[in-house]
Amino acid sequence: GGRVLAGMLAHHRPVRPLVLGMAGGGVVVATEVAAALQGSLYAAVSVPFGPPDDPDLALGAATADGGAVVEEGLAVRLGLTRADLSPVIRAAAAAAGRREGAWGPDPWRRVAGAAVVVVDEGVAGGVRGRAVLARARGAGARWVTCAVAVGLPATVDLIAAEVDEIVCPRQPLRFHSTADWYESFPDIDD
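Numbering-wise (my numbering), the sequence shown opens with residue 9 and increments by one.
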């Protein structure tokens, strides 16, 4: 996946972008991208959260700076306000901060003015990646690219509206999970 994305992102090589791999499998894919583009590689962390009474429901994701992306339509259907979600967002942001600290150097101080490529192995709902993309934009990146090896077409379209560029070579209409599109898809822990 990373080699395919690297070929599609070759136009970024002259600027040696800041490559942010989504913590876990995204870092594995991003390693190939960063090497090919001669960019700096860092891990990016966002932590998903659900409503207070159903933490397994993918309602949103938060980053260590406290930023969060919420599936607003779902929140409205569940009758939840931002105030209702505030405690779970704070908890997810704190968890993201702890995980980010474990990954090593802080990439966020380097984002302002940089061309940033956020890489993940795949995207279904997209809240985790969208939270990191929003953080990159908020931190002053001059150009934000999202690169995912495989993604649900509707989610790819949603993300496209939030970034300067999106690269997603595989967009199958029948998308059950990212793992289905890889020959090997082991769990990658921190």
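Heads up, the beta-carbon is just placed ideally off N, CA and C, and yes, glycines get one too.
Given the structure is predicted, the values throughout are model-derived calculations rather than measurements.
### Task
List the whole-angstrom C-beta distance separating Val36 from Ala157, where the pair is believed to meet the contact cut-off of C-beta under 8 Å.
As a position in the sequence shown, residue 36 is number 28, starting the count at 1. As a position in the sequence shown, residue 157 is number 149, starting the count at 1. Their Cβ separation, rounded to whole angstroms, is 11 Å, which puts Val36 and Ala157 out of contact at 8 Å.
### Query
Taking Cβ to Cβ, would you say Val152 is nearer than 8 Å to Val171?
The residue you call residue 152 lines up with position 144 of the sequence shown. The residue you call residue 171 lines up with position 163 of the sequence shown. Cβ atoms of Val152 and Val171: closer than 8 Å.
### Collapsed DSSP secondary structure at Thr39 in the structure displayed
Residue 39 sits at position 31 when you count from the first residue of the sequence shown. Helix.
### Message
Buried or exposed, going by whether 16 or more other CB atoms sit within 10 Å of the CB of Thr186?
### Response
For the purposes of this step, residue 186 is identified with residue 178 of the sequence shown, where counting begins at 1. Buried, since its Cβ has 16 or more Cβ neighbours within 10 Å.
#### Entry: Minimum length 3: unbroken beta strand (DSSP E) runs contained in the region 128–185
List check, beta strand (DSSP E) in window: 151–156, 173–175.
### Task
List the DSSP bridge partners of Tyr50.
Walking along the sequence shown from the start, residue 50 turns up at place 42. Tyr50 pairs with Leu28.
### Query
Buried or exposed: which applies to Val84, given that a residue is buried once 16 or more other Cβ atoms fall within 10 Å of its Cβ?
Taking the sequence shown and counting its residues from 1, the one referred to as residue 84 is at position 76. Exposed, because fewer than 16 other Cβ atoms sit within 10 Å of the Cβ of Val84.
### Task
Whole angstroms is fine: what's the gap from Val53's alpha carbon to Ala72's?
Here residue 53 corresponds to residue number 45 of the sequence shown, with the count starting at 1. Here residue 72 corresponds to residue number 64 of the sequence shown, with the count starting at 1. About 8 Å.
### Task
Within the region 70–97, note down every full alpha helix (DSSP H) run reaching 4 residues or more, in order along the chain.
Contiguous alpha helix (DSSP H) elements confined to the region 70–97 occur at 80–85, taking only those with 4 or more residues.
### Query
Does DSSP put Val119 in a helix, in a strand, or in coil?
Numbered from its first residue, the sequence shown carries residue 119 at position 111. For Val119, the secondary structure class from DSSP, reduced to helix, strand or coil, is coil.
### Query
By a C-beta neighbour count over all protein chains shown, 10 Å radius and 16 as the cutoff for buried, is His20 buried or exposed?
Translated into positions along the sequence shown, residue 20 becomes position 12. Classification of His20: buried, given that the 10 Å Cβ count is 16 or more.
### Query
Given Thr209, which residues of its chain have a CB within under 6 Å of its CB, disregarding the five upstream and five downstream residues?
Here the chain covers residues 9 to 198 and nothing more, so residue 209 does not appear.
### Message
Report the CB separation of Met16 from Val124 in whole angstroms; it is logged as a contact under 8 Å.
### Response
By one-based count along the sequence shown, residue 16 stands at place 8. By one-based count along the sequence shown, residue 124 stands at place 116. Their Cβ separation, rounded to whole angstroms, is 16 Å, which puts Met16 and Val124 out of contact at 8 Å.
### Task
Please state if the CB of Ala110 and the CB of Asp195 are separated by a distance shorter than 8 Å.
For the purposes of this step, residue 195 is taken as the residue at position 187 of the sequence shown. For the purposes of this step, residue 110 is taken as the residue at position 102 of the sequence shown. No. Outside cutoff.
#### Entry: Beta-carbon separation (whole angstroms), Gly47 vs Pro25, contact threshold 8 Å
Taking the first residue of the sequence shown as position 1, residue 47 is located at position 39. Taking the first residue of the sequence shown as position 1, residue 25 is located at position 17. Sure, about 4 Å apart at Cβ, within 8 Å.
### Query
Among Gly29, Val23, Leu13, Pro22, which one has its Cα closest to the Cα of Gly137?
On the sequence shown, position 129 is the one that residue 137 refers to. Comparing Cα-Cα distances from Gly137 to each of Gly29, Val23, Leu13, Pro22, the minimum goes to Gly29.
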